[in-house]
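Numbering (this note's numbering), first residue to last: 44 to 246. Don't be surprised by glycine CBs; every beta carbon is placed ideally from N, CA and C. Everything numeric in this text was worked out from a predicted model, so none of it was measured.
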Amino acid sequence: MKTKLTLAIPKGRMMYESLKLLNQAGLKLDISHKGRSLKIDAGDATIIEMRNGDVPTYVELGVADAGIVGKDVLLESPANVYEPVDLGFGACRLSLIRPIAATGNIKRIASKYPQTTQAYLKSIGKSAEVIKLSGSVELACLTGLADAVVDIVQTGGTLKANNLEELEIIHQSSARFIVNRAALKLKTNELRPLIDALRKIHK
Numbered sequence: 044m045k046t047k048l049t050l051a052i053p054k055g056r057m058m059y060e061s062l063k064l065l066n067q068a069g070l071k072l073d074i075s076h077k078g079r080s081l082k083i084d085a086g087d088a089t090i091i092e093m094r095n096g097d098v099p100t101y102v103e104l105g106v107a108d109a110g111i112v113g114k115d116v117l118l119e120s121p122a123n124v125y126e127p128v129d130l131g132f133g134a135c136r137l138s139l140i141r142p143i144a145a146t147g148n149i150k151r152i153a154s155k156y157p158q159t160t161q162a163y164l165k166s167i168g169k170s171a172e173v174i175k176l177s178g179s180v181e182l183a184c185l186t187g188l189a190d191a192v193v194d195i196v197q198t199g200g201t202l203k204a205n206n207l208e209e210l211e212i213i214h215q216s217s218a219r220f221i222v223n224r225a226a227l228k229l230k231t232n233e234l235r236p237l238i239d240a241l242r243k244i245h246k
């Protein structure tokens, strides 16, 4: 008899993309009955619904055996998890952004991703003050709080509407399947076939 997996999945659009893919990989999952529940018996797995940024923590600490999360979140997270599959959906990019035609040195950068931003600056041999924001970081440029921002870009529509431009793409991001390292050994009969099936879908 198979042991049921517990999966950490982000709420919203990413939840439905994730469930569609997991069903294609052979899990029979249904959350149509969930109502307001955040922990759902979905059939072949228990689903824990949460914010994207919390997924690595729940997986690393073993509350969830595996999860789905954006690469941008993994880059910023210190969580030690196994990342076997790039799932391909939720594609976006993490970019350095500045007002169009801005000149002069960048002395202060605002971002939801301060660790990634610092690592980027170090990699190019530059230094700047990095401040963490949680809301619309583009406002930091528009109000003069910062000379530039590092943020997620999908279509670029928000940048164009606010007279901003991408100076450089720092990282490409998409949804990743991540696994708790202990669970990979303890529940290998459940996790290995799922990992293999997900890899075949996006071969």
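Cα-Cα separation between residue i and residue j, rounded to whole angstroms
| i | j | result |
| --- | --- | --- |
| G96 | C184 | 24 Å |
| I174 | T198 | 25 Å |
| V102 | S166 | 29 Å |
| A88 | T146 | 53 Å |
| D129 | K71 | 21 Å |
| P127 | I238 | 7 Å |
| G168 | L118 | 19 Å |
| T160 | I91 | 30 Å |
| I83 | T186 | 43 Å |
Proximity to residue i [Cα-Cα], best of the options
| i | options | result |
| --- | --- | --- |
| S177 | T186, A153 and I213 | A153 |
| A191 | E181, T198, K230 and K54 | E181 |
| A252 | E119, E92, M58 and L104 | Any property of residue 252 remains undetermined from this structure, which presents the chain solely from 44 to 246. |
| L62 | R151, D239, F220 and L227 | F220 |
| V98 | G86, V112 and D73 | V112 |
| N123 | P236, V222 and G69 | V222 |
| P236 | G55, E92 and Q67 | Q67 |
| T100 | K77, I83 and Y125 | Y125 |
| R56 | A204, M93 and I212 | M93 |
Simplified DSSP assignment, three categories, for residue i
| i | result |
| --- | --- |
| R235 | helix |
| A88 | strand |
| Y125 | strand |
| T201 | helix |
| T46 | coil |
| D108 | coil |
| I174 | strand |
| L70 | coil |
| S61 | helix |
Cβ-Cβ separation, residue j to residue i (assumed contact under 8 Å), whole Å
| i | j | result |
| --- | --- | --- |
| H245 | D115 | Rounded, the Cβ-Cβ distance is 18 Å, inconsistent with contact. |
| A218 | G133 | 4 Å |
| C135 | S80 | Not really, about 29 Å apart at Cβ, beyond 8 Å. |
| Y156 | V193 | 6 Å |
Given 8 Å, three or more beta-carbon pairs between the segment 126-142 and the segment 199-208: yes
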